[in-house]
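Step one of this worksheet: look at the structure below.
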Amino acid sequence: MDFYSKFVRRREDLGSLLCVGIDPDISKLPSSLDGNQDKLFLFSREIVDATADYAVAYKPNIAFFEAFGSQGISQFEKLIRHIKIHYPGIPIVADAKRGDLDNTARQYAAFFFKDLGVDSLTLSPYMGADTVRPFIEDSSKMVFLLCLTSNPDSAQFQKKTFSETGRRLYEEVAAVSESFSPRNVGLVVGATHPAEMGELRKSHLDRVFLIPGYGAQGASLNDVLAVCGENSLVNSSRSIIFSSPGSDFAEAAGKAAKKIAEEMRTLLKDKK
778 MDFYSKFVRR REDLGSLLCV GIDPDISKLP SSLDGNQDKL FLFSREIVDA
828 TADYAVAYKP NIAFFEAFGS QGISQFEKLI RHIKIHYPGI PIVADAKRGD
878 LDNTARQYAA FFFKDLGVDS LTLSPYMGAD TVRPFIEDSS KMVFLLCLTS
928 NPDSAQFQKK TFSETGRRLY EEVAAVSESF SPRNVGLVVG ATHPAEMGEL
978 RKSHLDRVFL IPGYGAQGAS LNDVLAVCGE NSLVNSSRSI IFSSPGSDFA
1028 EAAGKAAKKI AEEMRTLLKD KK
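If you're matching positions, the sequence shown starts at 778 in this note's numbering and goes up one per residue.
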C-alpha cells in the first residue's frame, strides 16, 4: 500500500490528523534507561508501542540517531523495522531533510526507500525540481518539501518576494509542487504560520501538509485545524514523548497522544 492510501485509511479510521514525532533527545531520556547501549531505540520503541492506537503517522527524526554514528544509525534502522513489522498500517515519515544533485539524491532514495522501506521523506527543494524526481520514481512513496517552516527565522528566506512573480519563496515552492502528483509530493507548513497556511490551503487543496510546530513550539491546535484541511498531518513530538521524565514515560506518552487525538476528533467534527 502506498503512503497516501495508508494515510487516508488511518485518518478515516481514527478521525484524527495526529503525527507522532520521534525525537529521542539523549539529554531528556529517563534515567531508567541509563547504561543501555540501545537506549535510543528502547525509548523510541516504547513510545511507539504506547501511542500506536492514536498515531495516524510516525515521524522519526534521524538527526537524534545520526549524532551517535553507526551505533545510532543501527538503532534508527531497528526502530523503522519495529514499526513496519508491528504496525504496518501506520505510515512512516523519515524526517531527514535531504536534497542534492540527481546522482546523490538516488543514493539517499535507495537508503530510505529501498533499504529502510519508509513511506515518506522530508526534502529541501532549494536545488530545484530535478533533485526531487529521483525520490518519487517509486510512485508508492511521498516526499514533503520544506515550504514554510515553523522556526522563528524562517522568514529570513522563505518570505522573501520574487520580483518576477510577486510571490514569496514559500509560495514558489508550493507552486513547484503542483508539477507533481499530490500522492507523491506534499508540503511542510509550520503551525506557527496559520494565516499563511490558510492561504496555501486555498491554492493547493490536494496537497498533503505536514505540519510541525504544534505543542512545544506554541501553536494552537484550534488555529491550525481551522485552516489546514483534512489532507494534513499535524505533528507533535516533545509534547507527547517527554510527557514524563520518569520510568512511566511510555504510559504518559500514551495518555498525551490519546488526549491530543481526542481533541482533534472533537475539533474536526465541529468544523464539518
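Just so it is clear, CB atoms sit at the ideal spot from N, CA and C, and this is done for glycine as well.
Please check the pair ILE857 and ILE867, which I expect to be a contact at CB under 8 Å, by giving their CB distance rounded to whole angstroms.
In the sequence shown, counting from the first residue as 1, residue 857 sits at position 80. In the sequence shown, counting from the first residue as 1, residue 867 sits at position 90. For a cut-off of 8 Å, the C-beta gap from ILE857 to ILE867 is around 12 Å, too long to register as a contact.
Any idea if THR908 is buried or exposed, counting beta-carbon neighbours within 10 angstroms, 16 or more meaning buried?
Position 131 of the sequence shown, counted from the first residue, corresponds to residue 908. That one is buried.
With a cut-off of 9 Å, does the C-beta of LEU923 fall near any C-beta of chain D?
Of the protein chains in the structure, only one exists, and it is not chain D.
By how many angstroms is the C-alpha of LEU795 removed from the C-alpha of CYS1005?
By 1-based counting over the sequence shown, the position of residue 1005 is 228. By 1-based counting over the sequence shown, the position of residue 795 is 18. Taking the Cα positions, CYS1005 is about 13 Å away from LEU795.
If you compare alpha carbons, which of ARG984, PRO929, SER927 and LEU1002 is closest to ALA952?
Within the sequence shown, residue 952 is the residue found at index 175, counting from 1. Selected option, being the one with the closest Cα: ARG984.
Three-state secondary structure (DSSP) at LYS936?
The count along the sequence shown starts at 1 and reaches residue 936 at position 159. It is coil, neither helix nor strand.
Please go through the segment 988-1046 and give each complete beta strand (DSSP E) segment of 3 or more residues, from N-terminal end onward.
The segment 988-1046 contains these whole beta strand (DSSP E) runs: 1009-1013.
What span of residues does the beta strand (DSSP E) with ASP872 cover, start to end?
Your numbering for residue 872 matches position 95 in the sequence shown. 870-875 is the span of the beta strand (DSSP E), which, as asked, contains ASP872.
Segment contact flag, the segment 1007-1022 with the segment 786-806, C-beta cutoff 8 Å, min 3 pairs
Touching, per the Cβ criterion.
Do HIS863 and ALA829 count as a contact pair if the criterion is CB distance below 9 Å?
Walking along the sequence shown from the start, residue 829 turns up at place 52. Walking along the sequence shown from the start, residue 863 turns up at place 86. Yes, the pair counts as a contact, with Cβ atoms nearer than the cut-off.
Quick one: what's got a C-beta closer than 6 Å to SER901's C-beta in the same chain, skipping five residues either side?
Residue numbering aside, residue 901 sits at position 124 when the sequence shown is read from its first letter. Cβ within range, chain order: LYS874, GLY876 and LEU923.
Which residue spans inside the segment 826-850 form an unbroken alpha helix (DSSP H) run of at least 4?
DSSP runs (the alpha helix (DSSP H)) wholly in the segment 826-850: 840-843.
Determine the burial state of PRO929: buried for a count of at least 16 other Cβ atoms within 10 Å of its Cβ, exposed for fewer.
Walking along the sequence shown from the start, residue 929 turns up at place 152. Burial is judged here by how many other beta carbons sit within 10 angstroms of a residue's own beta carbon; PRO929 has fewer than 16 and is exposed.
How do the segment 946-965 and the segment 974-988 stand: do at least 3 beta-carbon pairs fall below 8 Å, yes or no?
Yes, they touch.
Touching or not, the segment 1016-1030 and the segment 801-816, by the rule of three or more beta carbon pairs under 8 Å?
Output reads yes: the segment 801-816 touches the segment 1016-1030.
Note down, one range per segment and in chain order, each beta strand (DSSP E) of at least 3 residues found wholly within the segment 884-940.
You should have 897-900 and 919-925.
From the DSSP output, read off the bridge partner residues of GLY798.
Sequence index remark: in the sequence shown, residue 798 carries index 21 (1-based). In the DSSP output, where bridge partners are listed per residue, GLY798 has LYS836.
Taking the C-alpha atoms as reference points, what is the distance between SER940 and TYR947?
Looking up residue 940 in the sequence shown gives position 163. Looking up residue 947 in the sequence shown gives position 170. The alpha-carbon atoms of SER940 and TYR947 are separated by roughly 14 Å.
Would you list the one or two residues that DSSP bridges to PHE986?
Walking along the sequence shown from the start, residue 986 turns up at place 209. Its beta-bridge partners are LEU964 and SER1009.
Beta carbon of ASP779, beta carbon of SER956: below 9 Å?
By 1-based counting over the sequence shown, the position of residue 779 is 2. By 1-based counting over the sequence shown, the position of residue 956 is 179. No, Cβ-Cβ distance for ASP779 and SER956 is not below 9 Å.
With DSSP run on the structure shown, which of helix, strand or coil describes ARG944?
Within the sequence shown, residue 944 is the residue found at index 167, counting from 1. The answer is coil: DSSP assigns ARG944 none of H, G, I, E or B.
Spatial neighbours of ASP872 within its chain, please: C-beta separation below 7 Å, excluding the five flanking residues on both sides.
Here residue 872 corresponds to residue number 95 of the sequence shown, with the count starting at 1. Contacts found: LYS836, PRO837, ASN838, ILE839 and THR899.
Inter-residue Cα distance where the pair is GLN935 and ASP1000
Within the sequence shown, residue 935 is the residue found at index 158, counting from 1. Within the sequence shown, residue 1000 is the residue found at index 223, counting from 1. Cα-Cα distance, rounded: 21 Å.
Candidates LYS937, ARG883, THR969 and GLY905, of which the one nearest SER915 by Cα
Translated into positions along the sequence shown, residue 915 becomes position 138. For the sequence presented, residue 915 should be read as Asp rather than Ser. Checking every option, the nearest Cα to that of ASP915 belongs to ARG883.
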